[in-house]
Amino acid sequence: MLLSSLVFLPILFALIMVVWPNKTTLRPLALGLSLIQFALSLTIFWKFDPSSSALQLVEKYPWIERFGVNYYLGIDGISLWLVILTTFLLPIIIVGSWQAIEDRVKGFHAALFVLQTAMLGTFLAIDAIFFYIFWELSLVPMYFMIGIWGGSRRIYATIKFFIYTMVGSVLMLVAIIYMMFLTQEAFGTMSASLIDFYRLDIPFIAGQFFSLQTLLFFAFALAFAIKVPVWPFHTWLPDAHVEAPTPGSVILAGVMLKMGTYGLMRWTIPLFPEAAEYWAWLFLLVAVVGIVYGAVVAMVQPDIKKLVAYSSVSHMGYIVLGLFAFNETGMTGGLYQMLNHGISTGALFLLVGMIYERTHSREISKYGGLAGVLPFFTIAFFIVTLSSIAVPLTNGFVGEFLILLGTFQANPGFAYVAVSGVVLGAVYMLWMFKRVFFGPKGELVKDESHPLHDLSPREFAVLIPMGVMIFWMGLFPNHFFHWSNASIKHLVESRSNYILTVKDTNTKTQSAALVEGE
Amino acid sequence: MNIQIGLPDILLISPMIALFVASLIPITIKVLRGNVEQAPFATLIQGLGGILAATVLLMMVAGSGSTAFADALVLDGLTKWMGFVALAGATGAVLLMYDNPSTNGDQFSELMFLTLSSVIGMLILVSAVDLLVVFIGLETMSLALYLMIAMSHEQKLSKEAALKYFILGSFASAIFLYGVAFLFGTVGSTYIPDIIASTGDLISSSRLFVFGITLVIIGFCFKVSIAPFHAWTPDVYQGAPTPHTAYMSTAIKAVSFAAFLRFISTKSLVGSENLLDFLQWLAVLTMIVGNVAAILQNNFKRMLAFSSVAHSGYLMVGVITTGISDNMSFAASGVIFYLAAYTMMTLGAFAIIALIEKDENSSVKVEDLAGYAKKRPLMAFCLSLFLLSLAGVPPLVGFFGKFYLFAAAIGEGLLWLAVWGVLNSVISVYYYLRPIVVMYMKEGEEDEAPRGFGATKTTILVSAILVVFLGLISGPIFEAVEKALS
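Taken in order, these protein sequences are the chains called A and B. In the working numbering, each residue's number is its place in the first sequence (first place is 1) plus 134. In the working numbering, each residue's number is its place in the second sequence (first place is 1) plus 516.
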């Protein structure tokens, strides 16, 4: 029941938000509910067995039996941290938007909770149709979030976001249905369960694009690549990020982009191993191009938020690079970088939002000399910048190092180019940092009629958990690897013939009871 | 010819008789009161009572597969479920008529009589297995409808719409009849099982037979607005009073597709490659024409009219699948579920338009929705649900409709049609999102709250609840329909 309540409680919370009569107590209530949700997600650690690569805490009920569609939730080492990331970020977002969102507060928090359901469902669903429903559902609240509370070009951005993402995913739906018929041919009964999909043996013809496995591979990969977004499909991201309100940007960068890389890791790579292997060069190539392109474009942005958005393109390139290295180091780095990016880019968007609330401008050229006026803000921004450019001791270093190491082992050629992204990342972030925080005071900073105030206690409360995570993840990565190692190892080792077993939680408790009895 | 009508025949058509009796009550009362309208609410109750009685009777008599009137009518699973869809659509439309300024007031009892008469035509249509009886059903339904549209209190567009619909509808009927004549000439019968029996031989040997089949199919294509035979749809949908538009796009469309399904089960598509290709291209063309044209529309009703054309294209995929499938009930249940889903969401969307319209002459533009979310949050939310469901966004019922429809197509190897279908639903997202954008993201001026409209609002809320929950419980429904069909 744990996973079900985790996924569907937010829907109930959203309904509470809609009917809650009192506006002043709405935010504390939302915060409390999201903290309950976070606490609930932490209880997973209690029941989760990190030594097993099997699917755990499984809940399976028949839903549309005619098509073998099940209500099917399960968790393993790959999805565990992404779930925690989602529940961890939500309270932070609610506190972070305490003053940024003034209009239609009820609707905003309801959308936030619906979005949480969609994201958690995407990470936890083990049935293809069930997964697809959450995957598509996540578009709707995000669409409203950008469209209602966004900036001046919000309508263009939100429609682009919706349509772009949907183009990819409808082809995935066709592929899913096709695979359901393949399970019918192979096993006699139709099934949409991922476990059965893994057992399929789909014929692969190397070098031929119009062959079954290749087409299915690309149908899935396109959906995820658009979501990540991988380089040529990235154009929706800067628009969406820039126009989205701060909480929308945080959740978009923090969690929604991870849905794409998670999809590659959970669905595309193990489902179509031969095709993934054969076409890996393509993904490595676009990943590397994305790393360099994102960094170079970020460098010349006049708008801080747009700069961070392009840095996302660059960072997401690393994750794809790590995943398609197909070794344990690269995959671990990829998964770790998903969490890092959620923390550090999320924090960057929060910081950009804080300064925007004060000055209502994000133009780098109007700033300068902020360090003298806002010392605490500067320190916070600096820490997050270090994390973003992967300085040792911060979380970003661990992820990028592992990814590059894994890529060197697998495809050194791509790693040579990708390393340049580390340098470029330092260039655009530090250059921006210099222009905003040092030098002569800019027009917004020296404006006497609007003195700037340093971080408020609320803002400290938002940033401290992020800062703690940055150093915790940078100093003690094994605390985190411990929970995901078994799953990643299993994925890498048995990639060409991947099978996910289901761990029966009841037998575990029974055997534990036996041991205690003896 | 010896025609014998027994009591079983009468019992089997009891739903139609119930409707007929109910349709006579309001006008009889009007005549007895010396041409003075009774309270519209009484008329509404009498009409709804008739529909309810028909629904209950249909539930009792249909589904068994028994036949009436020398096998001219059959009451099987298709009759039952399509009958329900049609009656649900009619219920919604009647509720809208009660509130709408262009249909209520004067002559409401006549309107009720015509509406129920056309529902009788629909029930004939869904149960007909003889092409001539199909024709009778089609005409009963359509003739009543022409009058209903022309009776609107709106002065200009509705008259034009009625005339256009009448002329093009007659044209389609003529084509249909012409085709039936060819089939009679080659097969020697207009009875669908007889045609099924001879299809295998004639489809490859007799050109006249293929000619007849094609003409009949084109006749149906007119009725369900498949491009390029859709030209009447936008004008008629826009010009007709909104309740009638809702009626046409739900109930009328559903029963026309039901008859189409019965005809396509002659397996004529299996023998004739050309015909199959022809229909597939029509389906693709219809989706594209409907969706692309809908993007260009500013008038909300006209936009939904083109969207209705596009949905005919998706449904056509299901009809083709039924036509070539060995497991017909599987594909046909997909079509039926889609029609049920489509009825819910379209009815809701038109009901909201009816709510926004100020008087009988007003037309609702997409921009008129500006600020609607602030003024009427609940109604705006419901409209968003309907539009997102039409676009096929899960977990709403429209997604499940598409899922069943395209799953059947993919199962029959019509992969490319399914790909066209899903890509088109992405195109459709663009115009379905536009009203939502305008409602939620643009500011509009305040106006006074509309008076009454209780029946319309009830329709909207019921449809919204169904749109949300029908999809989630669609598994058992789909199985029940499939079981009833096989």
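Note that beta-carbon positions come from the ideal geometry of N, C-alpha and C, so glycine has one too.
Taking a contact to mean a Cβ-Cβ separation below 8 Å, would you say residue i touches residue j in this structure?
i                      : j                      : result
residue 969 of chain B : residue 615 of chain B : yes
residue 276 of chain A : residue 264 of chain A : no
residue 760 of chain B : residue 819 of chain B : no
residue 138 of chain A : residue 193 of chain A : yes
residue 645 of chain B : residue 729 of chain B : no
residue 464 of chain A : residue 540 of chain A : yes
residue 746 of chain B : residue 851 of chain B : no
residue 777 of chain B : residue 785 of chain B : no
residue 394 of chain A : residue 420 of chain A : no
residue 943 of chain B : residue 808 of chain B : yes
Any beta-carbon of chain B closer than 8 Å to the one on residue i?
i                      : result
residue 555 of chain A : no
residue 382 of chain A : no
residue 281 of chain A : yes
residue 312 of chain A : yes
residue 360 of chain A : no
residue 274 of chain A : yes
residue 415 of chain A : no
residue 667 of chain A : The structure shown does not extend to residue 667 of chain A, since chain A is modelled only from 135 to 652, so the question has no answer here.
residue 645 of chain A : Here residue 645 of chain A scores only 42 on pLDDT, less than 50, and its place in the model is too uncertain to base an answer on.
So that I know if they touch, is there some Cβ in chain A lying closer than 8 Å to that of residue i?
i                       : result
residue 1002 of chain B : no
residue 922 of chain B  : yes
residue 948 of chain B  : no
residue 926 of chain B  : yes
residue 938 of chain B  : yes
residue 835 of chain B  : no
residue 590 of chain B  : no
residue 942 of chain B  : yes
residue 626 of chain B  : no
residue 661 of chain B  : no
residue 602 of chain B  : no
residue 902 of chain B  : no
residue 718 of chain B  : no
residue 979 of chain B  : no
residue 956 of chain B  : yes
residue 618 of chain B  : no
residue 934 of chain B  : yes
residue 953 of chain B  : yes
residue 991 of chain B  : yes
So what does residue i bridge to, in DSSP terms?
i                      : result
residue 583 of chain B : B/590
residue 193 of chain A : A/207
residue 327 of chain A : A/261
residue 437 of chain A : A/497
residue 198 of chain A : A/203
residue 707 of chain B : B/646
Pick out whichever of the options has its Cα sitting closest to the Cα of residue i.
i                      : options                       : result
residue 178 of chain A : A/218, A/510, A/560 and A/530 : A/218
residue 568 of chain A : A/322, A/499 and A/370        : A/499
residue 812 of chain B : B/867, B/882 and B/956        : B/882
residue 743 of chain B : B/790, B/795, B/565 and B/785 : B/795
residue 772 of chain B : B/651, B/571, B/863 and B/900 : B/651
residue 605 of chain B : B/846, B/867 and B/673        : B/867
residue 732 of chain B : B/695, B/809, B/816 and B/623 : B/695
residue 571 of chain A : A/630, A/501, A/614 and A/169 : A/501
residue 530 of chain A : A/549, A/588, A/489 and A/605 : A/605
residue 858 of chain B : B/770, B/603 and B/949        : B/770
residue 324 of chain A : B/955, B/923, B/714 and B/657 : B/923
residue 456 of chain A : A/345, A/545, A/505 and A/287 : A/545
residue 372 of chain A : A/446, A/305, A/304 and A/527 : A/446
Mind pulling the alpha helix (DSSP H) runs of 4 or more residues that sit fully within the segment 206–261 of chain A? 211–230 and 239–258
Which complete alpha helix (DSSP H) runs does the segment 273–349 of chain A hold, if anything under 4 residues is left out? 273–283, 288–321 and 328–333
Pick out the complete alpha helix (DSSP H) segments inside the segment 829–895 of chain B, 4 residues or longer, and give them in chain order. 844–872 and 888–891
Can you check the segment 343–399 of chain A for any beta strand (DSSP E) of at least 3 residues that lies completely inside it and give the ranges in chain order? none
Contiguous alpha helix (DSSP H) assignments of at least 4 residues, all confined to the segment 588–664 of chain B: 593–615 and 624–643
Please specify which runs of the alpha helix (DSSP H), each continuous and at least 4 residues long, are wholly inside the segment 453–527 of chain A, giving them in chain order. 462–493, 504–507 and 509–522
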